[in-house]
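Taking numbering that gives the first Met the number 0, the leading residue of the sequence shown gets 0, the next gets one more, and so forth.
The C-beta atom is built at its ideal place from N, Cα and C for all residues, glycine as well.
Reviewing the structure listed below.
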Amino acid sequence: MSKVGNRFSARAGDPGSARLSLPCNLQIGVRAAGPKPIRWEAGVAAAPTVRRRRLGIELRRLRERLGHTVEEIADRLDWSPSKLSRIENARIGVRVSDVQLLLKLYRVGEGHQGEVLALAQAATEQGWWAEYRDVLSGEFGTYVALEDEARTALTFGTYAIPGLLQNRQYAHRILDSGRIIAVSTPRQVERRLDLRMRRQDVLRRENPLTLSAVIDESVLLRTVGDRDIMRGQMLDLIELAELPNVHVHVLPMDVDREPIFADTFTLLEFAPAYDVTFPDAVYLDNLLTMAILQSDDATHMYRLCWDALRSVSLSADDSLRRISQAAEEWGRAGPR
0 MSKVGNRFSA
10 RAGDPGSARL
20 SLPCNLQIGV
30 RAAGPKPIRW
40 EAGVAAAPTV
50 RRRRLGIELR
60 RLRERLGHTV
70 EEIADRLDWS
80 PSKLSRIENA
90 RIGVRVSDVQ
100 LLLKLYRVGE
110 GHQGEVLALA
120 QAATEQGWWA
130 EYRDVLSGEF
140 GTYVALEDEA
150 RTALTFGTYA
160 IPGLLQNRQY
170 AHRILDSGRI
180 IAVSTPRQVE
190 RRLDLRMRRQ
200 DVLRRENPLT
210 LSAVIDESVL
220 LRTVGDRDIM
230 RGQMLDLIEL
240 AELPNVHVHV
250 LPMDVDREPI
260 FADTFTLLEF
270 APAYDVTFPD
280 AVYLDNLLTM
290 AILQSDDATH
300 MYRLCWDALR
310 SVSLSADDSL
320 RRISQAAEEW
330 GRAGPR
């Protein structure tokens, strides 16, 4: 097994890994025009993003079911139309007591009323990530909230193991190397490391996130830290890949097909909210910017991109064998 590339360096605080920003170039009829990122309320203060949006979607559905306009409902409650519009569009939070007024006005049955009020209460609560506000910046804070609420994540790791699959030693070397290009104190690195490890709880919680990852084979060969760290990461990756909700596929370097050029990305999918499907979201990160895309064009393009990458990757069983081989190689004495 030959060594590929040099030691990996990355900006601290990203969800996983890659530093370049290359377009997904499928050449299969997908429009290449870059969609504009949606404007989520960024940051830790907007932590329950999905819950708030689910609540707004349902309140709008209940209003429209009765055929009322925003202006009509606002007038009956002596609210401004902009207040109700912003509640429905998740631009502002809403008191549980205000939700009760709306549900009464919409003549919602007792059973469903309890469900919506529970959602309203949950939307007022801060997520666990609020305690990491000192190392969570704008879009990344929003991404962590979305990741925690997602049902499925499809991710592509170009230059490093995806963040949710990194062990502590491997992640520490990646985050610490980010100090080359960004000013971070040792304490900030440790805080970001703790955050990354805490995020991994989504894989083992009740109703866990289903994670499907395509990892470029070069990632298994690129030195992060030293041989012991790499061997440990390979073994821990195998353990995670054996979870029923985690699927790991290695994209071989000698794949007999035109290459698909794509930077690291994650596509999040969400469970439906009542009768409404919550929009998927794509997270992108590079040296200068972070972006969350939610347009149909963006999510469709990245889903096609991931499907194409997956179609030329190894099966789950063959991928585990390839990772095991890499672990054995890293465990051998002497230079690579």
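- Remark: C-beta atoms of S211 and L116 do not approach each other more closely than 8 Å.
- A Cβ-Cβ separation of about 6 Å places L202 in contact with V245 under the 8 Å criterion.
- Taking a contact as a CB-CB distance under 8 Å, the pair Q112 and L101 does not count as one, their CB atoms being some 10 Å apart.
- Beta bridge pairing from DSSP links D227 with no other residue.
- With respect to the C-alpha of E114, the residue from Y273, D215, M196 having the closest C-alpha is Y273.
- E238 and R221 have their alpha carbons spaced roughly 20 Å apart.
- DSSP places G156 inside the beta strand (DSSP E), whose first and last residues are 151-156.
- For V247, the enclosing beta strand (DSSP E) starts and ends at 245-250.
- F277: not part of any alpha helix (DSSP H); DSSP gives it neither H nor E.
- Pairwise C-beta distances place the segment 83-92 in contact with the segment 52-64, as three or more of them are shorter than 8 Å.
- Take A280, set aside five residues on each side of it, and the residues of its chain with a beta-carbon closer than 6 Å to its own are L145, L267, I291, Q293, in chain order.
- For L104, the enclosing alpha helix (DSSP H) has its first and last residue at 95-104.
- The three-state reading of DSSP puts A270 in coil, since its state is none of H, G, I, E or B.
- The segment 112-176 contains, as complete alpha helix (DSSP H) runs of 4+ residues, the segments 137-148, 167-176 (chain order).
- Secondary structure of T298 (DSSP, three-state): helix.
- The Cβ atoms of L61 and I72 lie no closer than 8 Å to each other.
- Take S314, set aside five residues on each side of it, and no residue of its chain has a beta-carbon closer than 6 Å to its own.
- Separation of the CB atoms of G92 and R172 is rounded to 39 Å, and the pair is thereby denied contact status at 8 Å.
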